[in-house]
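Numbering (the numbering used here), first residue to last: 2 to 184.
Even glycine gets a Cβ: it sits at the ideal position worked out from N, Cα and C.
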Amino acid sequence: MGDVPRILHCHSSFDLGGKEARAVRLINDFGAAVHHVVLSAVPDALGARDAIDAGIEVEFPGDAPLLAGQPGHARYETLGRYMQGFDLVLTYNWGAMDAVMTRRVHGRRYGLPPLIHHEDGFNADEARGQKMKRVWFRRLALGAAHALVVPSRQLEAIARESWKQPPAHVRRIANGIAVARYA
């Protein structure tokens, strides 16, 4: 695309929590070698931006396509055209799933970049069980992702069994530090 790779981060929200802290670590580790753009399905939920190191170029565009709203062809088309300008798309949790579906629907048409989806758990509305519409949506959309990253064995099992993702597609990257290495 350009001299500096561009990564689009699509979040359900960007207030500082577990997934946002990991995204901030990625942004900080890449430093100035990468240009980052962060979209939040909740546009005013940007509290994690304060944890990004000063001097790192990160955009929080107010005029980008919305990640939240009624799924549909027009939204996916608009989002697909926007995603063309990036070298990699990283999506996080259910609130960014429309970006994943956009890759499914318009990936070839627009020559969209690779997409890696991160799933960290469930919102309060799915705490007692998954919503079947979301299960089916994930089954369809996640096949277009280059990989699905989960932090736990439980989510890995859900991804394989409930969302029908092939084992080679799912990557478990646990949170924390492998303390046994330092014993």
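What separation, rounded to the nearest whole angstrom, lies between the Cα atoms of residue i and residue j?
| i | j | result |
| --- | --- | --- |
| Glu120 | Leu17 | 16 angstroms |
| Tyr111 | Arg76 | 14 angstroms |
| Pro44 | Ser14 | 7 angstroms |
| His12 | Ile174 | 18 angstroms |
| Asp126 | Arg161 | 22 angstroms |
| Asn176 | Gly122 | 13 angstroms |
Could you round the C-beta distance between residue i and residue j to whole angstroms and report it? I think they count as a contact, below 8 angstroms.
| i | j | result |
| --- | --- | --- |
| Val25 | Ala52 | 5 angstroms |
| Ile8 | Gly32 | The pair is not a contact, with the Cβ atoms about 12 angstroms apart (cut-off 8 angstroms). |
| Val101 | His118 | 5 angstroms |
Would you mind working out which of the options sits nearest residue i, comparing C-alpha positions?
| i | options | result |
| --- | --- | --- |
| Val106 | Leu80, Ser13, Arg23, Glu157 | Leu80 |
| Val59 | Leu141, Ser163, Leu47 | Leu47 |
| Arg23 | Ser153, Tyr93, Met84 | Tyr93 |
| Tyr83 | Leu113, Asp30, Ala148, Pro6 | Leu113 |
Take the Cβ of residue i as the centre, count every other Cβ of all protein chains shown within 10 Å, and call the residue buried at 16 or more, exposed below.
| i | result |
| --- | --- |
| Met133 | exposed |
| Leu91 | buried |
| Gly188 | The question about residue 188 has no answer, for the chain in this structure spans 2 to 184. |
| Arg109 | exposed |
| Val171 | buried |
| Asp99 | buried |
| Ala185 | Outside the shown range of the chain (2 to 184) lies residue 185, about which nothing can therefore be said. |
| Gly21 | The sequence as given places Glu at residue 21; Gly does not occur at that position. Per the 10 Å Cβ criterion, buried. |
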